[in-house]
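Chemist: Just so you know, the sequences run in chain order A and B. Going by this note's numbering, the first sequence opens with residue 12, and the numbers climb by one from there. Going by this note's numbering, the second sequence opens with residue 11, and the numbers climb by one from there.
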Amino acid sequence: MRSLRTYAPLLALPAVAVGLHGVLAAEGDIARMTQLIMSAYYALVVIGLCLLMGYAGQASLGHAGFFALGGYVSAAMTTCNLLPWRQTTAVRLCEIAGLLIERKDPFGMPLLSFSPWAAFATAMLVCGAVAFVIGVPVIRLRGHYLAMATLGFGLIVYRIVLAAAVFGQADGISNVPPFELLPGLRIGGSRAWRVENYYIAWGAVMAAMLLAINLINSRVGLALRSIHESEEAAHSLGVDTYRYKLAVFVFSALLAGAGGVLLTHYNGSISPSEASVMKSVRYVAIVAAGGMANLWGALGMGMVLNYLSLRGQFGRYDEAVFGLILIAMMLFAPQGLLRPVDWSVVRRLLAGRARNG
Amino acid sequence: MVWAQIVQYCLSGITVGSVYAIVAIGFNIIYNTTGIINFAQGEFLILGAMTAVSLAQVMPLWPAIACAVVLTTIVGGLVELLFIRPVRQASPLRLIVVTIGVSILMREGMLHVWDEKVRALPYFTGSGVSTVRVLGAHVSPQVLWVLGVCAAIVAGLTLFFRCTLTGRAMRACADDRMAARLCGVNDRRMVALSFMLSAGIGALAGCVVSPITQTQYDMGAPLAIKGFTVAILGGLGNSAGAVAAGLLLGLLEVFAMSQLPVAYKEAVAIVVLLLVLVFRPTGLFVRRESASLRTA
């Protein structure tokens with residue numbers, strides 16, 4: 012019974028996906044799928060961050076760093092040209108192992124680079140390893156210290172991406188090839204593949220949600236909640252708080268990295284703006300808007316807000332909107348948008364105004 | 011390196027360092043009374059400088075700076091009143107999120123008011139090319155202005171906290187808010203005052219340094235990071251430590267810059283921040299035992 016209640020919403024996701032497809036098709040505006048697909052990949056970051064912030068209570072202002080790390084590693088590996096080094100042992104070994112593919116770049120020149128699968132695996136390894144190395148010291152910190160340390164991490168990634176020649180400096184990396192999942196099924200921005208990509212993106216979201224739901228309903232989830240309520244109490248009851256927090260940190264970094272890899276292959280490019288602090292803050296805003304410890308809220312808000320933002324609905328006020336969301340959420344609805352608004356704060360504010368005036 | 015070059019580097023390191031120290035002291039003032047790290051601290055500097063640049067077109071320089079400082083002080087008070095005070099169940103996570111939101115709003119507001127052009131106040135004395143000889147090195151007189159004003163701010167704050175009733179009340183709040191309240195200190199007013207004070211000194215520092223570094227709407231966040239690095243390095247809440255740490259970071263940055271590619275300029279401070287957070291989160295100048303007593 013309980014498992015039904017836990018997993019039923021997951022089954023609603025395909026219905027939502029098909030329903031949205033139907034609505035777009037009815038409006039004759041399939042092009043909007045592009046923004047939905049991008050929102051879905053951004054939603055992967057949000058799901059991971061929701062686990063970390065909402066359930067484990069640890070703020071991270073560096074998740075755009077992991078997203079960019081994943082995207083950049085994959086982009087750099089699938090666009091590099093190994094032809095000049097073909098005779099070296101390392102490259103040959105990779106070729107024998109089937110890690111390399113030959114293709115032509117957009118100008119028709121031959122190119123030997125890593126296959127997207129190999130790049131994806133490496134990106135995940137790099138993200139996991141970096142998250143672990145950063146996490147081991149940083150997860151011990153609390154509150155402001157943790158927020159600043161993760162912010163620092165995000166800034167360093169941004170600076171490296173902006174300065175390193177491998178990552179294309181300010182231009183980023185373009186001409187990233189499509190990601191062939193199965194023969195004939197690939198992640199890429201071509202119009203002909205749009206509908207397939209739309210369902211692939213929803214599939215990725217479903218997979219991430221399944222993992223996340225399993226995690227919060229397991230012993231780990233219980234431990235995380237106890238940490239969120241009171242770290243000391245959890246610790247005194249024998250919960251290895253440090254290990255759990257670290258595990259969730261790495262897991263959420265992996266999800267962010269996966270989102271980065273997939274979006275980069277879909278867009279065919281990645282630019283330094285993906286690593287900017289504002290992006291990290293945006294993910295935090297979305298998790299806050301979803302109600303912190305509310306996976307479905309985070310997912311919903313992630314899809315809606317990113318979609319609106321990508322459609323340019325906020326115009327010149329794009330970033331200001333997210334700043335406003337952050338403040339408004341904390342002041343009026345700390346439990347998220349999906350719960351009733353806390354009117355007492357408004358009333359108190361008005362009363363204060365009346366008294367002063 | 012030649013002697014004159016070393017002096018040159020030292021002076022410019024001390025100059026940026028003293029600005030970092032002021033940002034860090036701004037952090038400390040608010041942290042002491044509220045326990046909040048105000049992520050919008052860097053924005054106060056930029057807001058002050060931008061306002062002064064605009065006002066300087068309609069009035070002489072000095073009144074313009076004075077007005078800018080007053081206006082920013084008022085903004086600081088409003089931030090506390092509108093955004094910080096109404097937050098209930100004020101956990102650090104929640105307050106961090108609020109101040110980040112405030113910093114975004116301020117930055118975007120400045121973008122819409124002043125566009126993204128780089129602006130600067132005129133040099134206070136002389137022009138961009140006039141120099142003063144100090145120990146064999148040539149420096150702009152503005153450098154001396156920055157050092158002087160920052161020293162004056164630190165001295166003024168020290169006097170304020172030691173010798174005035176309000177200053178003592180603020181320190182009492184910092185020590186123990188409940189006890190201060192029992193003694194009849196209006197702690198809410200002290201919190202608002204701390205925001206106004208750190209906005210005000212931030213604006214003043216922003217104005218003095220504007221001719222040298224110039225001012226753009228999005229320069230607040232890097233300043234805040236460096237200010238925070240300095241605040242942590244000197245021990246959060248310890249203003250004398252902040253001054254020493256500020257000068258240290260400024261010197262480190264300048265000498266690292268002379269050896270590293272420019273692109274990694276920002277990274278120096280962040281690496282220092284991460285190292286300090288990992289190895290000595292209580293700061294350089296606090297003994298471990300006393301730090302553990304404080305946090306316990």
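Even for Gly, the Cβ is constructed at its ideal location relative to N, Cα and C. Since the model is a prediction, treat every value here as computed from it, not as a measurement.
(1) With G256(B) and G27(B) assumed to form a contact (beta carbons below 8 Å), what rounded beta-carbon distance in angstroms separates them?
(2) Hey, is the stretch 193 to 201 of chain A in contact with the stretch 274 to 286 of chain A, meaning 3+ C-beta pairs nearer than 8 Å?
(3) Can you tell me the Cα-Cα spacing of G268(A) and F78(A), whole angstroms?
(4) Do you know offhand how far A202(B)'s Cα is from I35(B)'s?
(5) With a CB to CB cut of under 8 Å and the five nearest residues on each side skipped, what residues in its chain are close to A189(B)?
(6) Could you please tell me which residues of the stretch 217 to 237 of chain B, in chain order, have their CB closer than 9 Å to any CB of chain A?
(7) Inspect the CB distances between the stretch 285 to 303 of chain A and the stretch 166 to 184 of chain A and report whether three or more fall short of 8 Å.
(8) Which term fits C138(A), buried or exposed, when burial requires 16 or more other beta carbons within 10 angstroms of its beta carbon?
(9) When you compare the CB of P132(B) with every CB in chain A, is at least one pair closer than 8 Å?
(10) Checking 8 Å against the spacing of the C-beta atoms, do N305(A) and G65(A) come in under that value?
(11) Between P271(B), I56(B), T25(B) and Q51(B), which lies nearest to Q224(B) when the distance is taken from Cα to Cα?
(12) Quick check on the burial criterion: 16 or more other C-beta atoms within 10 angstroms. Buried or exposed for H74(A)?
(13) Find the nearest neighbour of F131(A) within the set D182(A), A87(A) and P148(A), judged by alpha-carbon distance.
(14) Would you mind telling me which residues of chain B sit closer than 9 Å to V56(A), beta carbon to beta carbon, in chain order?
(15) Hey, would you say the C-beta of I35(B) is under 7 Å away from at least one heavy atom of the ligand SAH?
(16) Would you please state the rounded distance, in angstroms, between the beta carbons of I312(B) and A215(B)? I believe it to be under 8 Å.
(17) Are the C-beta atoms of G36(B) and some chain A residue less than 8 Å apart?
(18) What does the Cβ neighbour count give for G302(A), buried or exposed, with the cut at 16 atoms within 10 Å?
(19) Measuring only between beta-carbons, confirm whether Y274(B) sits less than 8 Å from chain A.
(20) Span of the alpha helix (DSSP H) holding P121(A)?
(21) Using DSSP with H/G/I as helix, E/B as strand and the rest coil, what is T176(B)?
(22) Cα-Cα, which of L24(A), L316(A), L233(A) and F125(A) is closest to V102(A)?
(23) With distance defined between alpha-carbon atoms, name the residue in V27(A), Y53(A), G39(A) and A19(A) nearest to L273(A).
(24) Which one or two residues does DSSP pair with T225(B) in a beta bridge?
(25) Round the Cβ separation of I47(B) and F37(B) to the nearest angstrom and send it over; I've been treating them as touching at under 8 Å.
(26) For R97(A), collect the residues of the same chain with a Cβ closer than 7 Å to its Cβ; drop the 5 residues on either side in sequence, then sort them by chain order.
(27) Determine contact between the stretch 75 to 95 of chain B and the stretch 287 to 294 of chain B, defined as no fewer than three beta-carbon pairs at a distance below 8 Å.
(28) Under DSSP, the beta strand (DSSP E) around V144(B) begins and ends at which residues?
(29) Taking only the alpha-carbon atoms, compute the straight-line gap between T305(B) and V219(B) and give it to the nearest angstrom.
(30) Under 9 Å Cβ-Cβ, which residues of chain B neighbour E243(A)?
(31) Could you check if T17(A) is buried or exposed, using at least 16 other CB atoms within 10 Å of its CB as the buried criterion?
(32) With contact counted as at least three CB pairs below 8 Å, one residue from each stretch, are the stretch 155 to 169 of chain A and the stretch 278 to 288 of chain B in contact?
(33) How should P188(A) be labelled, buried or exposed, when 16 other C-beta atoms within 10 angstroms of its C-beta is the threshold for buried?
(34) Going along the chain, which residues of its own chain have a beta-carbon closer than 8 Å to the beta-carbon of Q18(B), five neighbours each way excluded?
(35) I need the DSSP call for L294(B), collapsed to helix, strand or coil.
(36) Should M159(A) be flagged as near chain B, meaning a C-beta pair shorter than 8 Å?
Modeler: Well, looking at it:
(1) With a Cβ gap of about 5 Å, G256(B) and G27(B) count as contacting.
(2) Result yes; three or more Cβ-Cβ pairs closer than 8 Å.
(3) Going by the C-alpha atoms only, they are around 4 Å apart.
(4) If I take the Cα positions, the gap works out to 16 Å.
(5) A182.
(6) Cβ proximity to chain A below 9 Å picks out A231, P232 and I235 from the stretch 217 to 237 of chain B.
(7) Short answer: they touch.
(8) Buried, by the Cβ-count rule.
(9) By this cut-off, P132(B) is not an interface position.
(10) If you check the CB distance, N305(A) and G65(A) come in under 8 Å.
(11) Out of P271(B), I56(B), T25(B) and Q51(B), I56(B) has the C-alpha closest to the C-alpha of Q224(B).
(12) Around the CB of H74(A), 16 or more other CB atoms lie within 10 Å, so the residue is classed as buried.
(13) Nearest of D182(A), A87(A) and P148(A) to F131(A), Cα basis: A87(A).
(14) Below the 9 Å Cβ cutoff, chain B contributes no neighbours of V56(A), its closest Cβ being approximately 17 Å away.
(15) Here there are no bound small molecules, and the ligand SAH is not part of this structure.
(16) In the structure as shown, chain B starts at 11 and stops at 306, and residue 312(B) therefore has no counterpart that could be examined.
(17) No, G36(B) does not count as interfacial toward chain A.
(18) Counting Cβ neighbours within 10 Å, G302(A) comes out buried, since at least 16 surround it.
(19) At a cut-off of 8 Å between beta-carbon atoms, Y274(B) makes contact with chain A.
(20) No alpha helix (DSSP H) holds P121(A); the beta strand (DSSP E) holding it covers P121 to F125.
(21) Three-state result, T176(B): helix.
(22) The shortest C-alpha separation from V102(A) is found at F125(A).
(23) Of the candidates V27(A), Y53(A), G39(A) and A19(A), the one whose C-alpha sits nearest the C-alpha of L273(A) is Y53(A).
(24) Answer by DSSP bridge pairing, in chain order: R129(B).
(25) About 6 Å; that satisfies the 8 Å criterion.
(26) Sequence-distant Cβ neighbours of R97(A) in its own chain, meaning closer than 7 Å and more than five residues away, are L123.
(27) Segments in contact, no.
(28) Its beta strand (DSSP E) spans residues V142 to V144.
(29) Since pLDDT at T305(B) reaches only 44, below the 50 mark, its modelled position is unreliable, and the value read off the structure follows with that caveat. Rounded to the nearest whole angstrom, the C-alpha separation of T305(B) and V219(B) is 35 Å.
(30) Those within 9 Å of E243(A) in chain B number zero; the least Cβ separation is about 12 Å.
(31) Burial check for T17(A): the Cβ neighbour count within 10 Å stays below 16, so the residue is exposed.
(32) Touching, per the Cβ criterion.
(33) With 16 or more other Cβ atoms within 10 Å, it is buried.
(34) Result list for Q18(B): A147, H148 and V149, in chain order.
(35) Residue state for L294(B) is assigned as coil, using DSSP reduced to three classes.
(36) M159(A) has a beta carbon lying within less than 8 Å of a beta carbon in chain B.
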